[in-house]
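Accompanying notes for the structure given below.
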Amino acid sequence: MSATALKTLWIAVLVILIDHLTKYLAVSYLSFGEPVAVLPHLNWTLAYNHGAAFSFLADMGGWQRWFFVGLALAMSSFLLWWLYKLPAKVSLETLSINLVLGGAVGNLIDRVIQGKVTDFIDFYIGTWHYATFNIADIAITLGAIALVLSELFLKKENRS
Numbered sequence: 042m043s044a045t046a047l048k049t050l051w052i053a054v055l056v057i058l059i060d061h062l063t064k065y066l067a068v069s070y071l072s073f074g075e076p077v078a079v080l081p082h083l084n085w086t087l088a089y090n091h092g093a094a095f096s097f098l099a100d101m102g103g104w105q106r107w108f109f110v111g112l113a114l115a116m117s118s119f120l121l122w123w124l125y126k127l128p129a130k131v132s133l134e135t136l137s138i139n140l141v142l143g144g145a146v147g148n149l150i151d152r153v154i155q156g157k158v159t160d161f162i163d164f165y166i167g168t169w170h171y172a173t174f175n176i177a178d179i180a181i182t183l184g185a186i187a188l189v190l191s192e193l194f195l196k197k198e199n200r201s
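In this note's numbering, the protein residues as written are 42 to 201.
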């Protein structure tokens, strides 16, 4: 692995640790489906997702577990390869890749061990609730957004 990957891989590991610590706390202290008010528009609500984002393919009979495991392994392998190929400097790109990698592996561990992903963050406005999510999902989303911004704006500046 390149010096960049070794310098920044701790970010992915930290995401995995925080993700699993918060999932452990959610399972230990929350009752399934029972919201606990945290702030206006935010509850802790224990939920399990057998599918992907927004419960995509959740009710497909079980094959989706291994499909998403394979997809996460392929994506994680690609992200590790990408880190390996980057120049030996810390950048928004390396940080973004590590966020996505940590989130993907965090949810991958859930799928392999439990066959489902533990979610507990419930954002809502009035009676409308966003899909319940977890720390890994936040890391994947923030990493993907930062990666797109890095590719669109920072790489463009470097080419000029």
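We put the beta carbon where it would ideally sit given N, CA and C, even for glycine.
| Item | Value |
| --- | --- |
| Could you tell me which residues DSSP puts in a beta bridge with residue 166? | 169 |
| In the DSSP assignment, find the unbroken alpha helix (DSSP H) run with residue 129 in it and report its ends. | No alpha helix (DSSP H) holds residue 129; DSSP gives it neither H nor E. |
| For the alpha helix (DSSP H) that residue 188 lies in, which residues bound it at each end? | 176-190 |
| Can you say whether residue 80 is buried or exposed, counting buried as having 16 or more other CB atoms within 10 angstroms of its CB? | exposed |
| Per DSSP, which residues does residue 87 bridge with? Please list them. | 73 |
| Can you check whether the CB of residue 146 is closer than 8 Å to the CB of residue 181? | no |
| Does the distance from the C-beta atom of residue 187 to that of residue 136 stay below 8 Å? | yes |
| Assign residue 64 to buried or exposed, taking buried as 16 or more other Cβ atoms, counted over all protein chains shown, within 10 Å of its Cβ. | buried |
| Starting from residue 78, follow its DSSP beta bridges and name the residues at the other end. | 84 |
| Please name the residue, chosen from 86, 91 and 176, that lies closest to residue 61 on a Cα-to-Cα basis. | 176 |
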